[in-house]
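To keep things clear, I will list the structure first and then write my remarks on it.
Here's what the structure looks like:
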């Protein structure tokens, strides 16, 4: 799917351009409210985009100088210019700078559709290092998903020397950040979602909770009312912008299947389902796996994590695999003393109890995921849709 970054200083025109481009095809639209001439300062956006639509009215030579500098720095990034300027010298300079198409404002939808069609037909995928996205979802409350998400993120960062971002997608009193850090988050996911047009490297750094070198957290909604700012298209936008900054992005989904969680699943290379080896968790875990399969998430994408293995009343691993219809990817031991101390102090268990069984298991899981990421292609996964749940295959005539 082509990622198109639309840039305009005018919020109203930015919104109209975004709606028109979205109606022209199956594109991923990203928006930035700023002067196109200042776009060179938005490195994260430029790294994540496949094409640009720049809305610029020329009132002097400085705007064109900015666009010329942009084209020199990013010659592989095709560009459409939307402008009300009619001066021939301005249009000629834009074409010489490498602008693919110049469209007049007010914009005709047919002209925009044709220009985007040409971009799509000639699109050559850009080489980019993108993060491996892993979603962690619970089949039932108390499974330990948030603890695993936070501490696995730290294990990847400290143990594998990876750049890791943890996003807390819980919308009800999120607290994942406090499981591994005693810092108050400077901003939350709803705060970022409400200010997407401001998103640049400086803004992102200011919003992150920097837990350790190479490990950042984008905290979840503390106020459930503000969680309404978190929407599917905004999650898509954030993931696209931050992907080039990290090696891994872990998303703590919580235990609900919503349009938000589906947006995260669609962007994920792996979906880790957290269960415990007891009958209530196995029952709900089976239902969750059935839902994921019905949504056409393939089994090579789904990973079963068994938490708190080793208790007396647990079901055998073979029985779990029989019920789930697939192998357990990794089992984490029951280590309540180490876990309780880690949570109580708000410190990663690898720092607090580095020799504990749970710490060693998390390091092993991190090493497995890092090794797998190194051997697989770093491409965006295919995106299923909720609509697929209601589609039936067409029968073919004999």
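Residue numbers (the numbering used here): 114 to 511.
Idealized CB from N, CA, C, for every residue including glycine.
Keep in mind that this is a model prediction, so the values were computed, not measured.
Would you give the residue range spanned by the beta strand (DSSP E) that residue i belongs to?
| i | result |
| --- | --- |
| residue 279 | 277-281 |
| residue 328 | 328-331 |
| residue 433 | It is not in any beta strand (DSSP E) - residue 433 instead sits in the alpha helix (DSSP H) that spans 430-437. |
| residue 456 | Counting along the chain, residue 456 falls outside any beta strand (DSSP E), though it belongs to the alpha helix (DSSP H) covering 449-458. |
| residue 372 | Note, residue 372: premise wrong, no beta strand (DSSP E); alpha helix (DSSP H) at 372-380. |
| residue 168 | 164-168 |
| residue 121 | 116-121 |
| residue 446 | 443-446 |
| residue 425 | Segment: none, residue 425 is in no beta strand (DSSP E) and carries neither H nor E. |
| residue 248 | 245-251 |
| residue 145 | 141-146 |
Taking 8 Å as the limit between beta carbons, can you name the residues of its chain near residue i, skipping five residues before and five after?
| i | result |
| --- | --- |
| residue 490 | Residue confidence is low: residue 490 scores 46 on pLDDT, short of 50, so the model does not pin down where it sits. Its coordinate-derived value is still stated next. Within the same chain, residue 490 has no close Cβ partners at all. |
| residue 136 | 222 |
| residue 226 | 137, 138 |
| residue 456 | 260, 292 |
| residue 124 | 146, 310 |
| residue 213 | 191, 192, 193, 228, 231, 232 |
Give me the Cα-Cα distance between residue i and residue j, rounded to the nearest whole angstrom.
| i | j | result |
| --- | --- | --- |
| residue 121 | residue 275 | 35 Å |
| residue 107 | residue 207 | Since the first residue shown for the chain is 114 and the last is 511, residue 107 is missing from the structure and cannot be characterised. |
| residue 415 | residue 387 | 11 Å |
| residue 407 | residue 437 | 14 Å |
| residue 312 | residue 349 | 13 Å |
| residue 398 | residue 317 | 35 Å |
| residue 501 | residue 198 | In this predicted model, residue 501 has a pLDDT of only 47, less than 50, meaning its place in the structure is not dependable; the value taken from the coordinates is given anyway. The straight-line gap from Cα to Cα measures roughly 45 Å. |
| residue 235 | residue 168 | 22 Å |
| residue 243 | residue 383 | 14 Å |
| residue 211 | residue 127 | 22 Å |
| residue 240 | residue 454 | 44 Å |
| residue 262 | residue 442 | 15 Å |
| residue 369 | residue 248 | 12 Å |
| residue 325 | residue 182 | 36 Å |
| residue 335 | residue 218 | 42 Å |
| residue 435 | residue 360 | 34 Å |
| residue 215 | residue 204 | 8 Å |
| residue 192 | residue 166 | 6 Å |
| residue 337 | residue 285 | 5 Å |
| residue 492 | residue 431 | At residue 492, the pLDDT of 45 sits below 50, so the modelled position is not reliable and the matter cannot be decided from this model. |
| residue 364 | residue 180 | 36 Å |
| residue 452 | residue 265 | 13 Å |
Taking 7 Å as the cut-off, does the CB of residue i come closer than this to any heavy atom belonging to the ligand SAH?
| i | result |
| --- | --- |
| residue 148 | No copy of the ligand SAH appears in this structure; indeed no ligand is present at all. |
Where does the unbroken alpha helix (DSSP H) through residue i begin, and where does it stop?
| i | result |
| --- | --- |
| residue 391 | Taken as a continuous stretch (DSSP letters only), residue 391 belongs to no alpha helix (DSSP H), as it is neither H nor E. |
| residue 133 | 124-136 |
| residue 361 | Note, residue 361: premise wrong, no alpha helix (DSSP H); beta strand (DSSP E) at 361-367. |
| residue 161 | 156-161 |
| residue 462 | 462-465 |
Measuring alpha carbon to alpha carbon, tell me which of the options ends up nearest residue i.
| i | options | result |
| --- | --- | --- |
| residue 470 | 132, 479, 449, 431 | 449 |
| residue 389 | 444, 370, 371 | 444 |
| residue 474 | 293, 168, 272, 256 | 272 |
| residue 178 | 385, 300, 152, 248 | 152 |
| residue 281 | 258, 295, 270, 296 | 258 |
| residue 59 | 294, 308, 315 | Shown here, the chain extends from 114 to 511; a query on residue 59 therefore has no answer. |
| residue 224 | 303, 434, 327, 130 | 130 |
| residue 118 | 170, 186, 194 | 194 |
| residue 83 | 148, 440, 424, 303 | Shown here, the chain extends from 114 to 511; a query on residue 83 therefore has no answer. |
| residue 190 | 209, 237, 196, 202 | 237 |
| residue 185 | 209, 132, 483 | 209 |
| residue 132 | 482, 480, 220 | 220 |
| residue 351 | 278, 400, 393, 391 | 278 |
| residue 288 | 428, 245, 459 | 459 |
| residue 267 | 393, 362, 358, 305 | 362 |
Spatial neighbours of residue i within its chain, please: C-beta separation below 7 Å, excluding the five flanking residues on both sides.
| i | result |
| --- | --- |
| residue 116 | 141, 143, 161, 162, 163, 353 |
| residue 307 | 342 |
| residue 314 | 156, 157 |
| residue 88 | Outside the shown range of the chain, which is 114 to 511, sits residue 88, and nothing can be said about it. |
| residue 366 | 248, 249, 250, 282, 374, 377 |
| residue 254 | 368 |
| residue 301 | 332, 333, 334, 335 |
| residue 340 | 284, 303, 334 |
| residue 433 | 390, 395, 419, 441 |
With a CB to CB cut of under 6 Å and the five nearest residues on each side skipped, what residues in its chain are close to residue i?
| i | result |
| --- | --- |
| residue 472 | 462, 463, 466 |
| residue 507 | Any reading at residue 507 must be qualified, since the residue scores a pLDDT of 41, below 50, and its modelled position is unreliable; the value itself is stated next. If we look at residue 507 and ignore the five residues flanking it on each side, it has no Cβ neighbours. |
| residue 297 | none |
| residue 290 | 298, 322, 330, 332 |
| residue 327 | 270, 276 |
(message) Could you tell me which whole beta strand (DSSP E) segments of length 3 or greater appear in the region 185-241?
(response) Segments of the beta strand (DSSP E) lying fully in the region 185-241: 192-196, 214-217.
(request) Let me know the alpha helix (DSSP H) ranges lying completely inside the region 271-356, each 4 residues or longer, listed in chain order. (result) As summarised for the region 271-356, the continuous alpha helix (DSSP H) elements at least 4 residues long and confined to that stretch are 289-293, 302-306, 314-320, 345-355, given in chain order.
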